[in-house]
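Q: In our numbering, the protein residues as written are 20 to 158.
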């Protein structure tokens, strides 16, 4: 089962999104920066450690990515009110608009991929995604 988990998720992401072209506007963003923006968007002002875990990156490797997004005006850092050692991350208005635009585009891209599958398989896919998400939340 471990081999299936380790190979299935990257295979799925490749099959679905290898040809996805994000709309980065006037910004030159790489896939890592785009993923970080998505995680910050869904994380309710996550702190650096949370983003590191979600990206499977060390803090030292993530810091330059965050710094570049701050320089572009897409992300901002704020000190956590309850624990000043923690730094929370949030999107600026521009960063939020960019993420929302790309979430919509990614949804359309995914739906276009799924329309080639039989209806029953699409229903199984949707259930599987919901199940995996629910299980991952409980781990």
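Ideal placement from N, C-alpha and C gives every residue a C-beta, glycine not left out.
My parser needs the beta strand (DSSP E) runs of 3 or more residues fully inside the stretch 89 to 149; what are they?
A: Entirely contained in the stretch 89 to 149, the beta strand (DSSP E) runs reaching 3 residues are, in chain order, 94 to 98, 106 to 110.
Q: Nearest to residue 58 by alpha carbon, out of 101, 115, 148, 127?
A: Residue mapping note: residue 58 aligns to position 39 of the chain shown, counting from 1. Ranking the options by Cα distance to residue 58, first place goes to 115.
Q: By the three-class DSSP mapping on this structure, what secondary structure does residue 37 have?
A: As a first step, residue 37 is located in the chain shown; it is residue number 18 there, counting from the start. Three-state result, residue 37: coil.
Q: Give me the DSSP bridge partner(s) of residue 66.
A: As a first step, residue 66 must be located in the chain shown, where it is residue number 47. The partner list for residue 66 (beta bridge, DSSP) reads 107.
Q: Could you tell me the distance, in whole angstroms, from the CA atom of residue 77 to the CA atom of residue 149?
A: For the purposes of this step, residue 77 is taken as residue 58 along the chain shown, with counting starting at 1. For the purposes of this step, residue 149 is taken as residue 130 along the chain shown, with counting starting at 1. The straight-line gap from Cα to Cα measures roughly 29 Å.
Q: Taking the alpha-carbon positions, what's the residue 92 to residue 53 distance?
A: Numbered from 1 along the chain shown, position 73 holds the residue referred to as residue 92. Numbered from 1 along the chain shown, position 34 holds the residue referred to as residue 53. So the two alpha carbons sit approximately 14 Å from each other.
Q: Taking a contact to mean a Cβ-Cβ separation below 8 Å, would you say residue 107 touches residue 156 in this structure?
A: Residue mapping note: residue 107 aligns to position 88 of the chain shown, counting from 1. Residue mapping note: residue 156 aligns to position 137 of the chain shown, counting from 1. Going by C-beta atoms, residue 107 is not nearer than 8 Å to residue 156.
Q: Considering only the alpha carbon of each residue, which of 37, 38, 56 lies closest to residue 46?
A: In the chain shown, the residue the question calls residue 46 occupies position 27. Residue 46 has its Cα closest to that of 56, out of 37, 38, 56.
Q: Quick check on residue 110: buried or exposed, where buried means 16 or more other Cβ atoms within 10 Å of its Cβ?
A: The sequence position of residue 110 within the chain shown is 91, counting from 1. Residue 110 should be labelled buried.
Q: Once the 5 residues before and after residue 89 are set aside, which same chain residues still bring their CB inside 6 Å of it?
A: Reading the chain shown from its first residue, position 70 is the one you call residue 89. Here the set comprises nothing.
Q: By the three-class DSSP mapping on this structure, what secondary structure does residue 44 have?
A: The residue you call residue 44 lines up with position 25 of the chain shown. Residue state, collapsed to three classes: coil.
Q: Just mark residue 24 as buried or exposed, buried being the case when its beta carbon has 16 or more other beta carbons within 10 Å.
A: Start at 1 with the first residue of the chain shown, and residue 24 comes out as number 5. Its Cβ having fewer than 16 others within 10 Å, residue 24 is exposed.
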